[in-house]
Each structure stands twice: as C-alpha cells, then as structure tokens.
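Count along the sequence shown from 1, then add 9; that gives the number in our numbering.
Every residue, glycine too, gets a C-beta built ideally from N, C-alpha and C.
Given the structure is predicted, the values throughout are model-derived calculations rather than measurements.
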Amino acid sequence: MGYVDLYLSGRRISLGEGEEVAKLIGVPFDSTSSYRPGSRFGPDAIREAFSHIEVYSPELSVDLERLRVDDLGNLKFTSNVEEMLDALGKVVSELVGEGSTVGILGGEHTLTLASFQAMPEDTALLVFDAHFDIREEYGGARVSHATFLRRLIEKIGSDRIMHLGGRAACREEWESLEELSLANVPSSTIMLGGAERLVKEFLSDKRRVYVSIDLDVLDPAYAPAVGNPEPLGLTTHQLIRLLHSIRGKEVVGFDICEYTPIYDNGATGVVAAKLLADMLSLSYLARAGGR
Ligand code: MN
Ligand code: MN
10 MGYVDLYLSG
20 RRISLGEGEE
30 VAKLIGVPFD
40 STSSYRPGSR
50 FGPDAIREAF
60 SHIEVYSPEL
70 SVDLERLRVD
80 DLGNLKFTSN
90 VEEMLDALGK
100 VVSELVGEGS
110 TVGILGGEHT
120 LTLASFQAMP
130 EDTALLVFDA
140 HFDIREEYGG
150 ARVSHATFLR
160 RLIEKIGSDR
170 IMHLGGRAAC
180 REEWESLEEL
190 SLANVPSSTI
200 MLGGAERLVK
210 EFLSDKRRVY
220 VSIDLDVLDP
230 AYAPAVGNPE
240 PLGLTTHQLI
250 RLLHSIRGKE
260 VVGFDICEYT
270 PIYDNGATGV
280 VAAKLLADML
290 SLSYLARAGG
300 R
C-alpha cells in the first residue's frame, strides 16, 4: 500500500478513457485562514462546477472529454498544518515518482509549500497571487497561507520562482522583495500588457514548470469568493493569456487555491473550473509534444 491509498479517499471528476493527462487531488484544509474561512469546501465545489462547464478548448485544440484524468479524491482531514504538509508531500512525491502530472485543488495556499518541494529539482514555479505570502509570521504562526512563500524561499532560494499579480502586501513585504531576489511582475505591470513576454523570458532556460494559482489574483469582480479579496486584480482573460504563455513547457504540477464557495455568487466556481480545464489541457499539450 502506498501513501495514495493511505491518505486519499473518494473519486469525483470523470472524463474520457483516453490517455492520462494528470492525477487530481483535493486538499480540504483551511486551518490558518485569517479572514474568510471555508476554502476546505473548495475542492468539491470546483469539481461540481467543472462538471457543468465546457471543457473542449478551441484555442488550445484539446478535447478533455476524450482524455483521462484520474481524480484520486481528497486528502484525509486534519486541522494540523504540519500533518497536512507531511501527508501532501508524501502523496505528491509518490505520484510524481510514477511520472504523473499532479493537479491540486485547495484548500488554502499553504499547501504549495509541500507540493512544490515534491517536484523535480529543476522545476520552475509561477505563483499567481494578489499577495506575496512572504511575511515572517502571521497570526502567531510561522507556517500559514500568509508566510508559505517565505518558508519555501528559505528552503530552495528564489532563482526558480516568479511571482505574478501582486498588489496587496504590508510595507515589510514590499521592502523584502529585493532582499529575497524574488522575480516580481505586479498587477500594475500586467495591466499595461506584455507580461506574457516576461513569463516566456523567465522560462526560456527552464524545461519544467509548476503553476500555483491563488484565485485572489483575479479582481473580486471576477472571483469574489476567496479568503482575502483585494481590488485592482487581473481579469480572467489576462490570467488565461498568461497561463497560455507556458504552452510547450512540461507541466509537472499545478494548484488552484483559496476558493471559499460559501461567499460565491456562482462566478468564482466556474472560473476555478475553467482554470482547471486549461491547466489540464496545457499539461496534456506538453505531454503530447514530448513524444
Ligand atoms: Mn496566497
Ligand atoms: Mn492571496
């Protein structure tokens, strides 16, 4: 028995019987949430929305309905952040070891601390987020959704990381961007256009990529149901265009975090589902292109 059998239960999303695109897991964890809790309900709500949107992408020419996505269900419940990170890291390592692309449905953003460290060492990380999540500590906790990226940089450095969509941080965080040497493409830059080129340049000498999407990178007009909404965010079009700029890179993993369905008017769930569909399509394209 492996960690997948030990820590995961239930299977939800069902597509075609064709080639495997990715393994999918949910992480129903929101214990360090500071403002609007409820992202523990995110994974199943994204699955529900996913089953009601069109998943054929004319732009990417991928028909997910003909491909196979193995949804392994949700990580077993715990309210302890260290326990969640430990179990998730083990599960993701096991799946990556089997050669699968791993898609993760959050849950709060803290999960990326474990999932990214389970990726191959040459994997680049693109983080889409209104916040930098590089606080020294938050609410008395050193490991939380507001500190995870600093904890990650302390472990692996910042060379492989690009942050996109930032606009909401305390003064200390803005000031520590330089000290941490974090490649930073803020929301204001993306608004001016041309950020796709910056992503392509950053990835030009990198083969593999992991994409972490904190849904609050979008403007609350597009994604109101997140834990910490912030104005002046991206449009859905801008985010999708930026994601498509990784086309051709090997997608080893991705996550979609911070969806709090209890605050939704229906908009955020379908946006999250669309992002899931496009990340799966991009994962497939890279796999198909590699043969
Ligand atoms: Mn975040
Ligand atoms: Mn955020």
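**Item:** ASP5, DSSP secondary structure in three states
**Value:** Any answer about residue 5 is impossible in this case: the structure gives the chain only from 10 up to 300.
**Prompt:** Of the residues SER213, TRP183, SER43 and PHE263, which one's Cα is nearest the Cα of PHE141?
**Reply:** In the sequence shown, the residue the question calls residue 141 occupies position 132. Among SER213, TRP183, SER43 and PHE263, the Cα nearest to that of PHE141 belongs to TRP183.
**Request:** Ignore the nearest five residues each way along the sequence and tell me which others in VAL71's own chain have a CB closer than 6 angstroms to its CB.
**Result:** Locating residue 71 in the sequence shown gives position 62, where the first residue counts as 1. Around VAL71: SER290 and TYR293.
**Asked** To the nearest angstrom, how far is it from the Cα of GLY236 to the Cα of ARG206?
**Response** In the sequence shown, counting from the first residue as 1, residue 236 sits at position 227. In the sequence shown, counting from the first residue as 1, residue 206 sits at position 197. If I take the Cα positions, the gap works out to 30 angstroms.
**Prompt:** Is it right to say GLY11 is buried, meaning 16 or more other beta carbons lie within 10 angstroms of its own, or is it exposed?
**Reply:** Position 2 of the sequence shown, counted from the first residue, corresponds to residue 11. Result: exposed.
**Request:** Give every residue of the same chain whose Cβ lies closer than 6 angstroms to the Cβ of ARG300, excluding the five residues on either side of it in the sequence, and list them in chain order.
**Result:** By one-based count along the sequence shown, residue 300 stands at place 291. Only weak support is given to the placement of ARG300: the predicted model assigns it a pLDDT of 44, under 50, and the value that follows is read from those uncertain coordinates. Same-chain partners within the cutoff: there are none.
**Asked** Which class does GLU28 belong to by DSSP, given the choice of helix, strand or coil?
**Response** The residue labelled residue 28 in the question sits at position 19 within the sequence shown. Reduced to three states, the DSSP call for GLU28 is coil.
**Request:** Mind the definition here: the segment 221 to 234 touches the segment 264 to 271 only if three or more C-beta pairs lie below 8 angstroms; say whether that holds.
**Result:** yes
**Asked** How big is the Cα-Cα spacing for LEU248 and LEU285?
**Response** Here residue 248 is taken as the residue at index 239 of the sequence shown, counted from 1. Here residue 285 is taken as the residue at index 276 of the sequence shown, counted from 1. C-alpha separation (whole angstroms): 12 angstroms.
**Asked** Regarding HIS172 and ligand 1, is the C-beta to nearest heavy atom distance less than 6 angstroms?
**Response** Residue mapping note: residue 172 aligns to position 163 of the sequence shown, counting from 1. Result no, Cβ not under 6 angstroms from ligand 1.
**Request:** Assess, as a yes-or-no matter, whether the segment 206 to 216 is touched by the segment 96 to 113 under the definition of 3 or more beta carbon pairs within less than 8 angstroms.
**Result:** no
**Asked** Nearest-angstrom Cα distance between PHE7 and LEU17?
**Response** Any property of residue 7 remains undetermined from this structure, which presents the chain solely from 10 to 300.
**Message:** Just to be sure I understand the criterion: a residue counts if its Cβ is closer than 6 angstroms to at least one heavy atom of ligand 1. Which residues meet that?
**Reply:** HIS118, ASP138, HIS140, ASP142, HIS154 and ASP223
**Prompt:** Where ILE55 and ALA234 are concerned, what is the direct C-alpha to C-alpha distance, given to the nearest angstrom?
**Reply:** Taking the first residue of the sequence shown as 1, we reach residue 55 at position 46. Taking the first residue of the sequence shown as 1, we reach residue 234 at position 225. Cα to Cα, ILE55 sits roughly 12 angstroms from ALA234.
**Request:** Grab me the residues of HIS154's own chain with a C-beta within less than 6 angstroms of its C-beta, minus the 5 sequence neighbours each way, in chain order.
**Result:** Counting from 1 along the sequence shown, the entry for residue 154 is found at position 145. Within the same chain, HIS154 has close Cβ partners THR41, GLU117, HIS118 and THR119.
**Message:** Rounding to the nearest angstrom, what Cα-Cα distance links PHE157 and VAL36 in this structure?
**Reply:** On the sequence shown, residue 157 is found 148 positions in, with the first residue counted as 1. On the sequence shown, residue 36 is found 27 positions in, with the first residue counted as 1. Computed Cα separation, rounded: 16 angstroms.
**Asked** Say the cut is 6 angstroms; is the CB of ASP80 nearer than that to a heavy atom of ligand 2?
**Response** On the sequence shown, residue 80 is found 71 positions in, with the first residue counted as 1. Answer for ASP80: no, Cβ out of range of ligand 2.
**Asked** Rounded to whole angstroms, how far is the Cβ of ILE165 from the Cβ of VAL136, which I believe are closer than 8 angstroms?
**Response** To locate residue 165, count along the sequence shown from 1; it is residue 156. To locate residue 136, count along the sequence shown from 1; it is residue 127. Not confirmed; about 13 angstroms, so no contact.
**Message:** Pop quiz: LEU252 and ILE199 are said to be a contact at Cβ under 8 angstroms. What is the actual Cβ separation, rounded to whole angstroms?
**Reply:** Mapped onto the sequence shown, residue 252 falls at position 243. Mapped onto the sequence shown, residue 199 falls at position 190. Going by Cβ atoms, the distance from LEU252 to ILE199 rounds to 12 angstroms, so no, they are not a contact pair.
**Item:** TYR231 (DSSP reduced to helix, strand or coil)
**Value:** The residue you call residue 231 lines up with position 222 of the sequence shown. It is coil, neither helix nor strand.
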